[in-house]
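Undergrad: Please see the structure below; I have some questions.
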Amino acid sequence: QLQLVESGGGSVQAGGSLRLSCAASRLTFSLHTMGWFRQAPGNERELAASIRWSGGDTYYTDSVKGRFAISKDNAKNTVYLQMNSLTPEDTDVYYCAARQSGRGYDYWGQGTQVTVSS
2 QLQLVESGGG SVQAGGSLRL SCAASRLTFS LHTMGWFRQA PGNERELAAS
52 IRWSGGDTYY TDSVKGRFAI SKDNAKNTVY LQMNSLTPED TDVYYCAARQ
102 SGRGYDYWGQ GTQVTVSS
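Per our numbering, residue 2 is the first one in the sequence shown, and the count goes up by one each step.
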């Protein structure tokens with residue numbers, strides 16, 4: 002079973018930056034897309050950014066465009082989320098997720114807390 006392990010969360014002041022990492026292990030199939038979701042208590046989980054494993058096409062939700070950058074290292078099976086110009090509204094638990102072609106996001110990491118103080 003694919004395992005996703007996130008790292009890099011923490012606390013930062015508004016305007017600061019954080020970089021999240023997600024390493025995939027026990028891969029037994031070809032990855033199609035990896036994404037970073039975020040969720041605040043009481044809110045639905047939101048897809049913040051995603052990246053196609055082959056080709057590298059990216060998606061960003063409007064609220065993070067121009068501030069966040071998703072990237073990958075195929076050799077390390079790792080996806081990154083560089084978050085700049087953070088605001089308190091970015092405070093969430095961030096989850097890494099992966100999906101195969103033709104399927105939804107079936108694989109999830111444990112989540113990492115990002116807290117931005119004003």
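For glycine and all other residues, C-beta sits at the position ideal for the given N, C-alpha and C. Since the model is a prediction, treat every value here as computed from it, not as a measurement.
Counting only the same chain and skipping the five closest in sequence on each side, list residues whose C-beta sits under 8 angstroms from that of residue 28.
TA: Position 27 of the sequence shown, counted from the start, is the residue given in the question as residue 28. The residues are 3, 78.
Undergrad: Taking contact to mean at least 3 C-beta pairs separated by less than 8 angstroms, is the region 93 to 104 in contact with the region 5 to 24?
TA: Contact between the region 93 to 104 and the region 5 to 24 is present, because at least three Cβ pairs lie under 8 angstroms.
Undergrad: Between 82, 24, 87, 14, which lies nearest to residue 38 when the distance is taken from Cα to Cα?
TA: Here the question's residue 38 lines up with position 37 in the sequence shown. Checking every option, the nearest Cα to that of residue 38 belongs to 82.
Undergrad: Nearest to residue 101 by CA position, among 52, 34, 18, 17, is which residue?
TA: Mapped onto the sequence shown, residue 101 falls at position 100. Nearest of 52, 34, 18, 17 to residue 101, Cα basis: 34.
Undergrad: Are the beta-carbon atoms of residue 5 and residue 23 separated by less than 7 angstroms?
TA: In the sequence shown, counting from the first residue as 1, residue 5 sits at position 4. In the sequence shown, counting from the first residue as 1, residue 23 sits at position 22. Cβ distance < 7 angstroms, so residue 5 and residue 23 count as in contact.
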